[in-house]
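Peer 1:
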Amino acid sequence: MYPNILSIPYQAFYIIIPTISLIGNSAIVYVTVRSRSLRSPCNIFIGSMSMAEVLHMLGHYVMVVSHNRNNDHVMRQDICVYWQLLPVLAMFSSFMILINIAIDRLMSIMSFYNSFIGTNYAFYIFVHIILGLPVSLSMVALIFFRRTSDS
9 MYPNILSIPY QAFYIIIPTI SLIGNSAIVY VTVRSRSLRS PCNIFIGSMS MAEVLHMLGH
69 YVMVVSHNRN NDHVMRQDIC VYWQLLPVLA MFSSFMILIN IAIDRLMSIM SFYNSFIGTN
129 YAFYIFVHII LGLPVSLSMV ALIFFRRTSD S
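With this note's numbering as the guide, the letters of the sequence shown map in order to residues 9 to 159.
Below, the structure written as structure tokens:
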């Protein structure tokens with residue numbers, strides 16, 4: 009019998025807090041999609057960040073499930089990478105979208121912002137999302153290609 013590495017209160021914490029986050033972030037995504045008044049670039053970025061956070065929170069459930077699934081609490085590194093790939097991608101995407109929100113808010117105080125958004129709305133959002141994607145994908149690729157099948 010192996011010792012219980014993650015006590016029951018910690019397991020409860022890792023289930024309750026992500027559940028609250030899932031509910032709140034899912035509500036933000038839902039409201040952003042349903043409401044026409046929340047279609048500004050900043051609100052689109054906030055909705056995108058909330059969606060990334062929903063996917064990131066799934067990693068906490070993966071951790072609790074993997075802890076309870078393995079009796080010796082040891083998992084091969086490559087299997088751990090596979091289980092955590094989507095939550096890690098979402099984590100990196102989330103912080104890149106947060107940077108995009110900050111850049112958008114800084115640009116919004118400039119005089120050219122409203123006219124630029126009026127003529128290049130889709131392009132502006134596309135550029136902001138596409139600039140963060142290589143960073144997120146490169147970090148996940150680095151993790152993926154450095155995995156080993158050792159324990």
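From the three backbone atoms N, C-alpha and C, an ideal C-beta is built for every residue, glycine too.
If you pair each beta-carbon of the segment 99 to 108 with each one of the segment 129 to 142, do three or more pairs fall below 8 Å?
Peer 2: Yes, since at least three Cβ pairs between the segment 99 to 108 and the segment 129 to 142 fall closer than 8 Å, the two stretches touch.
Peer 1: Could you give the first and the last residue of the continuous alpha helix (DSSP H) run that contains Asp86?
Peer 2: Along the sequence shown, one-based indexing puts residue 86 at 78. That run of the alpha helix (DSSP H) goes 85 to 116.
Peer 1: Looking at the ligand MN, does it come within less than 6 Å of His75, judged from the CB to the closest heavy atom?
Peer 2: The ligand MN is absent from the structure shown, which contains no ligand whatsoever.
Peer 1: Would you call the CB atoms of Phe53 and Asn128 closer than 7 Å?
Peer 2: Counted from its first residue, the sequence shown places residue 53 at position 45. Counted from its first residue, the sequence shown places residue 128 at position 120. Their beta carbons are not under 7 Å apart, which means Phe53 does not touch Asn128 by this criterion.
Peer 1: Identify which residue in Leu97, Met83, Cys50, Asn76 has its Cα closest to the Cα of Asn122.
Peer 2: Along the sequence shown, one-based indexing puts residue 122 at 114. Of the listed residues, the one whose Cα sits closest to Asn122 is Cys50.
Peer 1: Excluding the 5 residues flanking His64 on each side, which residues of the same chain have their C-beta closer than 7 Å to its C-beta?
Peer 2: Along the sequence shown, read from residue 1 onward, the residue named residue 64 stands at position 56. Pro95, Ala98, Met99, Ser102.
Peer 1: Return the residue from the list Ala130, Gln85, Gly55 that minimises the CA-CA distance to Thr156.
Peer 2: Taking the sequence shown and counting its residues from 1, one reaches residue 156 at position 148. That would be Gln85, whose Cα lies nearest to the Cα of Thr156.
Peer 1: Under 8 Å: do the segment 25 to 33 and the segment 58 to 74 share three or more Cβ pairs, one atom per stretch?
Peer 2: Yes, since at least three Cβ pairs between the segment 25 to 33 and the segment 58 to 74 fall closer than 8 Å, the two stretches touch.
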